[in-house]
Ligand SMILES: Cc1ncc(COP(=O)(O)O)c(C=O)c1O
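Residue numbers (my numbering): 67 to 512.
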């Protein structure tokens with residue numbers, strides 16, 4: 067295994083961490099990549115990086131060293147190292163996402179926490195009568211389930227009116243998304259209501275598709291939407307994440323999905339603007355009132371190591387040709403190639419054009435598998451895991467009125483640096499075997 071960056075990552079050491087990817091030919095080798103992910107279960111084709119991400123061995127080691135620093139002398143760690151270390155990580159992220167100021171970047175546990183922070187503030191808008199009862203919040207129908215629940219808990223309960231933007235699937239173009247979004251804003255503004263918040267995914271989870279966030283943010287501004295929150299749980303390392311170009315008020319991305327951090331860490335960007343009210347961490351502690359970034363770095367005694375390894379992560383990423391941009395590009399190209407290979411092998415199609423996907427893609431499963439419900443997708447997923455050693459999520463698309471013999475089951479495959487072509491062949495062959503045996507999902511529920 068290549069030497070790990072740990073000895074640089076000492077709270078007091080003058081760290082020299084290159085923000086630039088390597089220019090030489092001295093890139094990480096295939097053998098080194100295999101060693102970095104040798105803790106992955108060799109019996110499983112992990113083509114589902116999207117759900118939980120992945121963390122290489124050298125970063126698990128770097129995290130462990132931070133944990134030991136804390137355990138060795140907690141008073142020194144908390145007083146002298148923690149704040150500095152988190153500030154260093156925030157500075158790196160600020161640069162990567164093209165934010166104006168490090169104060170705009172807070173580190174939190176995950177996208178779910180970031181959503182709670184934003185939605186809590188929306189709830190206060192209702193409870194403090196800044197918003198009228200029935201003012202609207204707009205979200206996509208394909209918003210992540212947990213975020214939808216959060217909207218229910220914070221917005222619906224506080225008296226807000228929630229509008230879901232329906233989206234067709236399979237998708238053919240961005241225009242389909244844009245026109246549905248515009249229609250939802252018209253509904254949101256009906257009867258003198260105001261749209262207080264738009265929650266827009268950058269990459270939806272299931273089915274997965276890259277949403278044209280820049281265009282949607284622009285439309286929100288034209289239509290006088292108060293605030294825009296982009297849920298980019300899959301953002302950094304998977305698609306282009308540029309705060310100035312996107313122009314949202316709030317933007318969150320996990321770093322444990324496509325950025326190799328150990329679980330769990332996300333950033334929450336909050337644009338500095340007199341129009342954006344103060345956000346607060348839902349776990350209130352000593353730093354309450356000192357700004358979200360400082361509040362988030364002090365939520366009691368806990369393990370902050372995922373937030374401290376970001377400089378090591380950057381070093382890991384920069385061992386790859388082109389750094390994070392190179393990884394992203396190659397993941398995209400390969401996942402499209404693998405998606406097309408599977409669709410051809412099964413006689414199906416992709417869920418959207420290749421330019422609407424990043425490092426994950428949806429592929430139709432053969433209709434003869436008889437996927438007729440969400441329960442079928444769950445059962446089939448377990449069957450693929452247990453019988454074939456393939457880990458892949460499956461989406462149920464309810465048939466439209468009048469459709470016969472339609473494809474109602476789509477799988478979502480991911481590609482990350484550790485994946486091999488054989489992972490996808492294993493999946494292809496598993497489905498082909500099921501088809502040739504005359505398998506249907508009805509057999510699993512019996
Ligand atoms: C679009 C979206 N939002 C939010 C989340 C929640 O992420 P986490 O569980 O890391 O908080 C996910 C997780 O996959 C997601 O896909």
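Ideal Cβ positions, reconstructed from N, Cα and C, are used throughout, including at glycine. Predicted model, so just to flag it, every value in this text is computed and none were measured.
Using a Cβ-Cβ cutoff of less than 6 Å, which residues in the same chain neighbour residue i once the five nearest sequence positions on both sides are dropped?
i: residue 135; result: 143
i: residue 115; result: 480, 482
i: residue 316; result: 184, 295, 336
i: residue 353; result: 360, 361, 364
i: residue 385; result: 94
i: residue 472; result: 465
i: residue 478; result: 274, 426, 428, 459
i: residue 179; result: none
i: residue 129; result: 328, 371, 375
i: residue 388; result: 87
When burial is assigned at 16 or more other CB atoms within 10 Å of the CB, is residue i buried or exposed?
i: residue 499; result: exposed
i: residue 69; result: Since pLDDT at residue 69 reaches only 36, below the 50 mark, its modelled position is unreliable, and the value read off the structure follows with that caveat. Per the 10 Å Cβ criterion, exposed.
i: residue 509; result: exposed
i: residue 80; result: At residue 80 the pLDDT is 42, less than 50, meaning the model places this residue with poor confidence; the figure from the coordinates comes in the next sentence. Counting Cβ neighbours within 10 Å, residue 80 comes out exposed, since fewer than 16 surround it.
i: residue 121; result: buried
i: residue 440; result: exposed
i: residue 119; result: buried
i: residue 278; result: buried
i: residue 488; result: exposed
i: residue 193; result: exposed
i: residue 469; result: exposed
i: residue 107; result: exposed
i: residue 421; result: exposed
i: residue 320; result: buried
Should residue i be counted as a contact of ligand 1 given a C-beta to heavy atom distance under 8 Å?
i: residue 172; result: no
i: residue 299; result: yes
i: residue 65; result: Here the chain has residues from 67 to 512 only, and residue 65 is not among them.
i: residue 488; result: no
i: residue 225; result: no
i: residue 113; result: no
i: residue 264; result: no
i: residue 215; result: no
i: residue 163; result: no
i: residue 480; result: no
i: residue 362; result: no
i: residue 322; result: yes
i: residue 181; result: yes
i: residue 269; result: yes
i: residue 498; result: no
i: residue 178; result: yes
i: residue 219; result: no
i: residue 417; result: no
i: residue 357; result: no
i: residue 476; result: no
i: residue 120; result: no
i: residue 210; result: yes
i: residue 117; result: yes
i: residue 332; result: yes
Please confirm whether residue i and residue j have their CB atoms less than 9 Å apart.
i: residue 263; j: residue 292; result: yes
i: residue 329; j: residue 125; result: no
i: residue 417; j: residue 235; result: yes
i: residue 370; j: residue 113; result: no
i: residue 174; j: residue 331; result: yes
i: residue 457; j: residue 100; result: no
i: residue 428; j: residue 273; result: yes
i: residue 223; j: residue 189; result: yes
i: residue 325; j: residue 252; result: no
i: residue 419; j: residue 501; result: no
i: residue 210; j: residue 297; result: yes
i: residue 314; j: residue 255; result: no
For residue i and residue j, which I take to be in contact (beta-carbon distance under 8 Å), what is that distance rounded to the nearest angstrom?
i: residue 451; j: residue 460; result: Going by Cβ atoms, the distance from residue 451 to residue 460 rounds to 11 Å, so no, they are not a contact pair.
i: residue 372; j: residue 158; result: Going by Cβ atoms, the distance from residue 372 to residue 158 rounds to 14 Å, so no, they are not a contact pair.
i: residue 204; j: residue 229; result: 5 Å
i: residue 259; j: residue 208; result: Rounded, the Cβ-Cβ distance is 23 Å, inconsistent with contact.
i: residue 305; j: residue 347; result: With a Cβ gap of about 27 Å, residue 305 and residue 347 do not count as contacting.
i: residue 247; j: residue 231; result: 5 Å
i: residue 454; j: residue 486; result: Wrong, their Cβ atoms sit about 16 Å apart, outside the cutoff.
i: residue 494; j: residue 408; result: 6 Å
i: residue 302; j: residue 162; result: 7 Å
i: residue 449; j: residue 430; result: Not quite, the Cβ-Cβ distance comes to about 18 Å (not below 8 Å), so this is no contact.
i: residue 323; j: residue 299; result: 7 Å
i: residue 484; j: residue 103; result: 4 Å
Tell me which same chain residues have a C-beta within less than 7 Å of the C-beta of residue i, skipping the five on either side of it?
i: residue 443; result: 437, 460, 461, 462, 475
i: residue 397; result: 425, 481, 482
i: residue 171; result: 156, 159, 160, 165, 333, 335, 359
i: residue 73; result: The pLDDT assigned to residue 73 is 38, lower than 50, so where the model puts this residue is not dependable; a value taken from the coordinates is nonetheless given after this. Same-chain partners within the cutoff: there are none.
i: residue 270; result: 206, 208, 277
Can you find the residues in the same chain that come closer than 8 Å, C-beta to C-beta, to residue i, ignoring five residues on each side of it along the sequence?
i: residue 281; result: 240, 244
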